[in-house]
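Right, one structure below, let's go through it.
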Amino acid sequence: MQRFAALLDSLAFQPARNAKLRLMTEYMCTTPDPDRGFALAALTGTLNLPNAKPALLREFGVQRLGETLFVLSYDYVGDLAETLALIWQPSDTASAGQNQPAPSLSEVVERLRAASKRETPQLLEQWLDALDSTGRWALLKLLTRDLRVGVSARLAKQAIADLGKRDIVDVEEVWHALQPPYQALFDWIEGRAPRPDPGAAPVFRPLMLATALEDAELAGLDPAAYRAEWKWDGIRVQLVATAGHRHIFSRAAEQATTAFPDIIEIMDFNAVLDGELLVARPDESGTVHVAPFNDLQQRLNRKQPNPKLLQDYPAHVRLYDALMIDGEDIRALPFDERRTRLEAWYAARPRPRLDLSPLVHFGTWEELAAIRAGTREAGIEGLMLKRGDSPYVAGRPRGPWFKWKRAALTADCVLMYAQRGHGKRSSYYSDYTFGCWRPTNGGTAELVPVGKAYFGFTDAELIKLDKWVRDHTTNRFGPVREVEPGLVLEIAFDSIHRSTRHKSGVAMRFPRVHRIRWDKPPEEADELATLERMIAAP
Amino acid sequence: MNASPAPADPRSWLTTTPKGLYCVPGGFFIDPAWPVAKAVITHGHGDHARPGHGAVLATRETVEIIRTRLGPDTIGSLQGVKYGETTRIGDVDVRLVPAGHILGSAQIVLEWRGARIVVSGDFKRRADPTSPPFEPIACDVFVTEATFALPVFRHPPDMQEIARLLGSLRTFPDRCHLVGVYALGKCQRVIRLLRAAGYDRRIWLHGGLMAMCEVYRRAGIDLGDIAAVSEAGPARRNDLFQHETFRGAIVLCPPSALGDRWTRRFPEPLPAAASGWMRVRARARQRGVELPLVISDHADWDELIQTVRDVQPGMVWVTHGREDALVHQVQTMGIPAEALHVAGREEEGS
Numbered sequence: 018m019q020r021f022a023a024l025l026d027s028l029a030f031q032p033a034r035n036a037k038l039r040l041m042t043e044y045m046c047t048t049p050d051p052d053r054g055f056a057l058a059a060l061t062g063t064l065n066l067p068n069a070k071p072a073l074l075r076e077f078g079v080q081r082l083g084e085t086l087f088v089l090s091y092d093y094v095g096d097l098a099e100t101l102a103l104i105w106q107p108s109d110t111a112s113a114g115q116n117q118p119a120p121s122l123s124e125v126v127e128r129l130r131a132a133s134k135r136e137t138p139q140l141l142e143q144w145l146d147a148l149d150s151t152g153r154w155a156l157l158k159l160l161t162r163d164l165r166v167g168v169s170a171r172l173a174k175q176a177i178a179d180l181g182k183r184d185i186v187d188v189e190e191v192w193h194a195l196q197p198p199y200q201a202l203f204d205w206i207e208g209r210a211p212r213p214d215p216g217a218a219p220v221f222r223p224l225m226l227a228t229a230l231e232d233a234e235l236a237g238l239d240p241a242a243y244r245a246e247w248k249w250d251g252i253r254v255q256l257v258a259t260a261g262h263r264h265i266f267s268r269a270a271e272q273a274t275t276a277f278p279d280i281i282e283i284m285d286f287n288a289v290l291d292g293e294l295l296v297a298r299p300d301e302s303g304t305v306h307v308a309p310f311n312d313l314q315q316r317l318n319r320k321q322p323n324p325k326l327l328q329d330y331p332a333h334v335r336l337y338d339a340l341m342i343d344g345e346d347i348r349a350l351p352f353d354e355r356r357t358r359l360e361a362w363y364a365a366r367p368r369p370r371l372d373l374s375p376l377v378h379f380g381t382w383e384e385l386a387a388i389r390a391g392t393r394e395a396g397i398e399g400l401m402l403k404r405g406d407s408p409y410v411a412g413r414p415r416g417p418w419f420k421w422k423r424a425a426l427t428a429d430c431v432l433m434y435a436q437r438g439h440g441k442r443s444s445y446y447s448d449y450t451f452g453c454w455r456p457t458n459g460g461t462a463e464l465v466p467v468g469k470a471y472f473g474f475t476d477a478e479l480i481k482l483d484k485w486v487r488d489h490t491t492n493r494f495g496p497v498r499e500v501e502p503g504l505v506l507e508i509a510f511d512s513i514h515r516s517t518r519h520k521s522g523v524a525m526r527f528p529r530v531h532r533i534r535w536d537k538p539p540e541e542a543d544e545l546a547t548l549e550r551m552i553a554a555p
Numbered sequence: 004m005n006a007s008p009a010p011a012d013p014r015s016w017l018t019t020t021p022k023g024l025y026c027v028p029g030g031f032f033i034d035p036a037w038p039v040a041k042a043v044i045t046h047g048h049g050d051h052a053r054p055g056h057g058a059v060l061a062t063r064e065t066v067e068i069i070r071t072r073l074g075p076d077t078i079g080s081l082q083g084v085k086y087g088e089t090t091r092i093g094d095v096d097v098r099l100v101p102a103g104h105i106l107g108s109a110q111i112v113l114e115w116r117g118a119r120i121v122v123s124g125d126f127k128r129r130a131d132p133t134s135p136p137f138e139p140i141a142c143d144v145f146v147t148e149a150t151f152a153l154p155v156f157r158h159p160p161d162m163q164e165i166a167r168l169l170g171s172l173r174t175f176p177d178r179c180h181l182v183g184v185y186a187l188g189k190c191q192r193v194i195r196l197l198r199a200a201g202y203d204r205r206i207w208l209h210g211g212l213m214a215m216c217e218v219y220r221r222a223g224i225d226l227g228d229i230a231a232v233s234e235a236g237p238a239r240r241n242d243l244f245q246h247e248t249f250r251g252a253i254v255l256c257p258p259s260a261l262g263d264r265w266t267r268r269f270p271e272p273l274p275a276a277a278s279g280w281m282r283v284r285a286r287a288r289q290r291g292v293e294l295p296l297v298i299s300d301h302a303d304w305d306e307l308i309q310t311v312r313d314v315q316p317g318m319v320w321v322t323h324g325r326e327d328a329l330v331h332q333v334q335t336m337g338i339p340a341e342a343l344h345v346a347g348r349e350e351e352g353s
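Sequence lines, in order, name chains A and B.
Count along the first sequence starting at 1, add 17, and that's the number in the working numbering.
Count along the second sequence starting at 1, add 3, and that's the number in the working numbering.
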């Protein structure tokens, strides 16, 4: 437990991805089974332990310290689990030489799983006595299900892949067929056993991903070899269903099942399908209209949607591909063959909230470019190009699949705030919040923030931007500086939507710094109204 | 203590004023926040030793520190005394005894008409190779600091924190470990602790830390191989220039320099900080610290309580810090206690 606590502690303070990976692989290398397997489960969110309620933690604190000192301490620290971890002192019996050795992580997991509701507080108290403050903090974070150390399940799986010098897709393919403490996974990763075989089990299969297409590359490609389809602006999902099992996975292999009961309901089939999760509403004629990404955001924010949300924001999956149909793994077949099977499968089982993403027919690249330029529909991000003979392979091979995004929109915005970055950029103001002009009642104009960007510039430009920020600071808030409205950034973004989360009422998708307009006077930057006109019609 | 009658109210001879704590029969201030005619100074940190006073009494070490920090002419007369030596100022006997905070730090023992008040200044109780240990003195009133007076503050053993720093160097051998430390006291203590842990490589220092290290060296404290960062010569300048000398090195700097442009010469800097505040995560994160080291020159909660037990005072006055919790705790121990609001103390000690 102490080693796991030290790992969580350093992860919590370490912002850099590579450093987090290093910390995790080092831990996995030097920690025995089954402790490291339970640690992996805790990091990937698959460790199901009984939940400790905040009221219990507070009661413990008041018992040990009295009301006054506990309240003063909690006030100062601001986090209940951390407060209790810091103030806890071993009880008199514990300090009178009956001190238990600190428990291992597996002991904690196994005994908690076996414990009754009544026994849990006693166990907890006994362990708090035996652990140091970091150990207590980690234990309480585990039990309040609030790790917050900045590690996604995917990053933890990447650490496992690094440990065995494998590709992460190999780990993802077997992941959902395994259970904590993942003994079979470590045996395979460390070369003691063959790779576990998920067979036809209802588990996630790693996705095939596309690379971005540069316009110049197009000339070298044979249009007859490629199929085109729309790239829908939702989130990529994999639907996995067998008799008795129905799952929705995100592209990062995370379960999204409980958040979309309206999709689960229609998954009465035996297949593994690749598609785009959207919010879409059929009209009277039955034509389905895809809503802007912002509508989907309403659903993504809720793990357990209520009936009103389900009604107002109906989910829909638009299918791109099939990996398995009726128990048969068809990933090795060419795209054209899979597409034929998918069309036949769907024709035999049409159902609401599920349809096929149509193929876009074209003869030449010029023709396709014109089609791409002509669409401004809200739900479309651009086009996908897929070779007709491409098998479905995990990962991101270059060549068989391309994404050809719609040309970006741009706006001239004024730099308003800058924040220091992390790691290599820790001394540079590298995260920029920018705004556009909006008329005030008094007839003048004010800046309202419309977005934030932290890439799109070179290292040399970063040095100049950083200097500009330091020389034009008007106010400081911790790591953030407010600057005078004097620098125009030309911001590129994929699309823009209405948003109630931002003061300006708009939110950009994928904003990045396109050009730094050192030459442009800030009063000539765009008005908010100009951005509002770019909002795609739903 | 002699047999003459004790004054009824200690507040009548040691009072709080807008300039700081004032000893009436002695006619002097203790660690005043503003220039005064006569001052007794507990130790050399900036919020206790300020310029502009007419005459100052302090330990010899503190006098050295004040000369180095403030220059020779900012104070009229500087009188340095030995620990334990008694000086008569006005009608009051003044004695300075070790406080264990930093080099030269002292508690001030005041005796007047048979009554004794001890002003702790900043203090700690654990061993520190750069300062003699705190000496408990029985008294009628103990005036204590309260920087870390909450039960959440329990400083772990120093060497455990140093081991975490050295462990991080093993995990990230290519990263320059930048440790934020106060120039006076913390810097030299961290160096000594690193040496005690067997780290004998050169320790690099921000230029602003060199002068105080020299004072410590003259006081006989061996800091081993230390050098200013500037001695490594200019860095090769390219887009994001970095100096290879500092790969895997330990560099100490003032906390304010973490995240400053000055850090750009270091390869993949890993910001650490050595301070009692690092015990609370949100505090450490606010400063962008990736490796918080809980090393403090102040008493933690247990040390504060143990000190009250050791001193056995008739009454406790609590100055700068989290007074509420300590006042509550001392009262629970059956000793009268109250908060004393003294001007000019920075909230953040180290």
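For each residue, glycine too, the CB sits at the ideal point set by N, CA and C.
According to DSSP, residues forming a beta bridge with residue 247 of chain A: A:400
Could you tell me the alpha carbon to alpha carbon distance between residue 414 of chain A and residue 286 of chain B, rounded to whole angstroms? 45 Å
Chain A contact for residue 46 of chain B (CB, 7 Å cutoff): no
Taking the C-alpha atoms as reference points, what is the distance between residue 327 of chain B and residue 25 of chain B? 23 Å
Using the C-alpha atoms, what's the distance from residue 484 of chain A back to residue 349 of chain A? 54 Å
What does the alpha-carbon distance come out to for the pair residue 36 of chain A and residue 177 of chain B? 11 Å
Could you please give the first and the last residue of the uninterrupted beta strand (DSSP E) stretch that includes residue 26 of chain B? 23-26
In three-state DSSP terms, what is residue 235 of chain B? helix
Near-chain A residues of the region 175-188 of chain B (beta-carbon distance less than 9 Å), N- to C-terminal order: 175 and 178
Considering only DSSP beta bridges, list what residue 456 of chain A is partnered with. A:462
Taking the straight line between their C-alpha atoms, what separation do you get for residue 246 of chain A and residue 471 of chain A? 31 Å
Would DSSP call residue 361 of chain A helix, strand or coil? helix
Taking C-beta pairs closer than 9 Å, name the residues in chain B that residue 30 of chain A reaches, listed in chain order. 284, 287, 288, 292, 293, 294 and 295
To the nearest angstrom, how far is it from the Cα of residue 191 of chain A to the Cα of residue 320 of chain A? 25 Å
Starting from residue 35 of chain A and walking both ways along the alpha helix (DSSP H), at which residues does that stretch end? 34-47
Determine, for residue 437 of chain A, whether the minimum Cβ-Cβ distance to residues of chain B falls below 7 Å. yes
Looking at chain B, which residues of the region 31-43 of chain A have a Cβ within less than 9 Å of any of its Cβ atoms? 31, 32, 33, 36, 39, 40 and 43
Range covered by the beta strand (DSSP E) that runs through residue 324 of chain B: 318-324
List the residues of chain A whose Cβ lies closer than 8 Å to the Cβ of residue 266 of chain B, in chain order. 443 and 444
Looking at the strands, I want to know which residues DSSP matches up with residue 1 of chain B. Beyond the ends of chain B as shown, which are 4 and 353, falls residue 1 of chain B; an answer cannot be given.
Could you give the distance in angstroms between the alpha-carbon of residue 135 of chain B and the alpha-carbon of residue 96 of chain B? 22 Å
For my contact list, residue 548 of chain A and residue 523 of chain A are in at a C-beta cut-off of 8 Å; report their separation, rounded to the angstrom. 6 Å
Backbone CA spacing between residue 405 of chain A and residue 358 of chain A [nearest angstrom]: 14 Å
Based on Cα-Cα distance, which residue from B:247, B:258, B:297 and B:40 lies nearest to residue 3 of chain B? Residue 3 of chain B lies beyond the range of chain B shown here (4 to 353); nothing can be said about it.
Could you give the distance in angstroms between the alpha-carbon of residue 192 of chain B and the alpha-carbon of residue 132 of chain B? 7 Å
Going by other Cβ atoms of all chains shown within 10 Å of its Cβ, with 16 needed for buried, is residue 104 of chain B buried or exposed? buried
Going by other Cβ atoms of all chains shown within 10 Å of its Cβ, with 16 needed for buried, is residue 259 of chain B buried or exposed? exposed
By the criterion of Cβ-Cβ separation under 9 Å, what are the contact partners of residue 110 of chain B in chain A? Neighbours of residue 110 of chain B on chain A: none; closest Cβ ~26 Å, over 9 Å.
8 Å contact criterion, which residue 305 of chain A and residue 333 of chain A should meet: CB distance rounded: 7 Å
Could you give the DSSP three-state label for residue 65 of chain A: helix, strand or coil? coil
Cross-strand partners of residue 524 of chain A (DSSP beta bridge): A:514
Residue 124 of chain B vs residue 102 of chain B beta-carbon contact at 7 Å: yes
Residue 278 of chain A, enclosing alpha helix (DSSP H) - first and last residue: 278-281
Minimum Cβ-Cβ distance from residue 491 of chain A to chain B less than 7 Å: no
Can you pull the DSSP bridge partners for residue 529 of chain A? A:509
Quick one, which of B:15, B:280, B:172 and B:254 has its alpha-carbon nearest residue 212 of chain B's? B:254
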